[in-house]
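Chains as they are written, first to last, in the working numbering: chain Z, 611 to 677; chain H, 2 to 322. A short worksheet on the structure shown next.
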């Protein structure tokens, strides 16, 4: 393990570690982003379907019916 | 994981930050006096700047909330404050690692360290306030007002307070053109003793030969540990020549001005890293890092804001954070 701490190697070890951590964070964020988009889209679709045109009823009074 | 429309920008951001990481280690040259520890500045400073931007955005949405009373604005304010807090913690941690390597301690109550800690506490109180009020409308209103006050203190804590101090280990002159690091003045006939950062300094003598002006200054580190005599010099052209190191530290004393006839000098601390950005490769990687971390902050903010808005739609008034 000490070879990883040698002056010439340590900087590559540090860079590789930082890159691996970043790739992990990036993939995690991408997954969360996709999941969030899915939930938001499904919610929007559900909201739109429940907001569909409500049934209408026309009340006609007796007077206007006679006319 | 299948890619989707719109992922192109995110993948570009991912590659951009990966390139910044690569450049930080293998493109940016070592800076004299800092060694490889200096590379952390490529992350530390941009993250601190983006913290400011995130807290400002949060305050703007709080103002919008108070004006229009739309819960979505409050959700945006929370999301931005959370990103700002995350970045602020990251800046503090990277700064502490740097301090341990370069200055010999993780935390030394430097003015800028102290002010960022206060800022962290102020925003921690913002989240504590939000979680302590049950009524959602009241919570949003109180939090919005508090957030605006918190944002007002931020420029003072980040930009003014550290510069009011006589000196700081942070090289203010490194990044901002025209910023002042004036140091402190000492006089053989007047004020011999002064405080430079957390170090007490005392002017003992001032001599001038043909090519060199020498000031003999006794320094006492905090707790009266490491009393030493340093002899910074000015060359014949009036420029700093010898810059001795403070005992047990990696920062130096620099003689900025000296007037042997009047017996006065002006001295300062010089942290390693001053004028770091004069190297063009360092400058470009630093700018790229700023853009990368700004983009990442926006992405984080966007995700968090969407989650909060979904929560708001599902359970109006029940957004607990």
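Yeah, the Cβ is synthetic: ideal placement off N, Cα and C, and Gly gets one too.
Query, Result
"Are the Cβ atoms of residue 121 of chain H and residue 86 of chain H separated by less than 9 Å?", "yes"
"Using three-state DSSP, classify residue 36 of chain H as helix, strand or coil.", "strand"
"Check for me: the beta strand (DSSP E) holding residue 310 of chain H runs from which residue to which?", "Not the beta strand (DSSP E): residue 310 of chain H falls in the alpha helix (DSSP H), residues 281 to 315."
"Pull up the DSSP beta-bridge partners for residue 206 of chain H, would you.", "H:217"
"CA-CA distance, residue 101 of chain H and residue 629 of chain Z?", "23 Å"
"Span of the beta strand (DSSP E) holding residue 230 of chain H?", "228 to 231"
"Beta carbon of residue 270 of chain H, beta carbon of residue 187 of chain H: below 9 Å?", "no"
"Between residue 210 of chain H and residue 618 of chain Z, what straight-line distance do the alpha-carbon atoms span, to the nearest angstrom?", "45 Å"
"Grab the span of the beta strand (DSSP E) containing residue 267 of chain H for me, first residue to last.", "265 to 271"
"Once you ignore the five residues that flank residue 294 of chain H on each side, which residues in its own chain have a CB closer than 6 Å to its CB?", "47, 48 and 51"
"Please compile the residues from chain H whose C-beta is within a distance smaller than 9 Å of the C-beta of residue 667 of chain Z.", "Result: empty, since nearest Cβ-Cβ is about 29 Å, beyond 9 Å."
"Listing by chain order, which chain H residues have their CB less than 8 Å from the CB of residue 629 of chain Z?", "19, 22 and 23"
"Would residue 111 of chain H be called buried (16 or more neighbouring beta carbons within 10 Å of its own) or exposed?", "buried"
"Closer than 8 Å is the cut-off here; do at least three beta carbon pairs connect the segment 62 to 74 of chain H with the segment 20 to 34 of chain H?", "no"
"Answer yes or no: do residue 234 of chain H and residue 214 of chain H have a C-beta to C-beta separation smaller than 9 Å?", "yes"
"Would you say the segment 285 to 299 of chain H touches the segment 201 to 210 of chain H, given that touching needs at least three Cβ pairs under 8 Å?", "no"
"Along the segment 611 to 626 of chain Z, what residues have a CB closer than 7 Å to any CB found in chain H?", "621, 624 and 625"
"Below 8 Å on the Cβ atoms is my guess for residue 259 of chain H versus residue 216 of chain H; work out the distance and round it to an integer in Å.", "6 Å"
"Taking CB distances under 9 Å as the criterion, tell me whether residue 268 of chain H reaches chain Z.", "no"
"How far does the beta strand (DSSP E) with residue 197 of chain H in it extend, from its first residue to its last?", "194 to 197"
"Pull out every residue of the segment 639 to 655 of chain Z whose Cβ sits closer than 9 Å to any Cβ of chain H, in chain order.", "639, 640, 641, 642, 643, 644, 646, 647, 649, 650, 653 and 654"
"Could you give the C-beta distance for residue 304 of chain H and residue 254 of chain H, rounded to a whole number, given that I count them as a contact under 8 Å?", "With a Cβ gap of about 48 Å, residue 304 of chain H and residue 254 of chain H do not count as contacting."
"Could you name the residues of chain Z that residue 311 of chain H contacts, counting a contact when the two beta carbons are closer than 9 Å?", "646, 649, 650 and 653"
"Is any beta-carbon of chain Z found at less than 9 Å from that of residue 202 of chain H?", "no"
"Hey, which unbroken runs of the alpha helix (DSSP H) at 4 residues or more fall wholly within the segment 32 to 119 of chain H?", "42 to 69 and 72 to 103"
"How long is the line joining the alpha carbons of residue 113 of chain H and residue 195 of chain H, rounded to whole angstroms?", "20 Å"
"Which residues of chain Z have a Cβ atom closer than 7 Å to the Cβ of residue 15 of chain H, listed in chain order?", "636"
"Given that residue 113 of chain H touches chain Z, what residues does it touch there, using C-beta distances under 8 Å?", "Per Cβ cutoff of 8 Å: no residues; residue 113 of chain H is ~24 Å from chain Z at best."
"Once DSSP output is grouped into helix, strand and coil, what is the label at residue 156 of chain H?", "helix"
"Give the single residue among H:72, H:53 and H:118 whose Cα lies nearest to the Cα of residue 84 of chain H.", "H:53"
"Less than 9 Å between CB atoms is the rule here; does residue 75 of chain H satisfy it with respect to chain Z?", "no"
"According to DSSP, what are the bridge partners of residue 241 of chain H?", "H:235"
"Mind the definition here: the segment 63 to 77 of chain H touches the segment 90 to 97 of chain H only if three or more C-beta pairs lie below 8 Å; say whether that holds.", "no"
"With a threshold of 16 other CB atoms inside 10 Å of the CB of residue 158 of chain H, please say whether the residue is buried or exposed.", "buried"
"Using a C-beta to C-beta distance shorter than 9 Å, which residues of chain Z count as neighbours of residue 234 of chain H?", "Here the premise fails: no neighbours, minimum Cβ distance about 33 Å."
"Since residue 75 of chain H and residue 125 of chain H should fall inside the 8 Å C-beta cutoff, what is the C-beta to C-beta distance between them, to a whole number of angstroms?", "Actually they are not in contact, since the Cβ atoms of residue 75 of chain H and residue 125 of chain H sit about 19 Å apart, beyond 8 Å."
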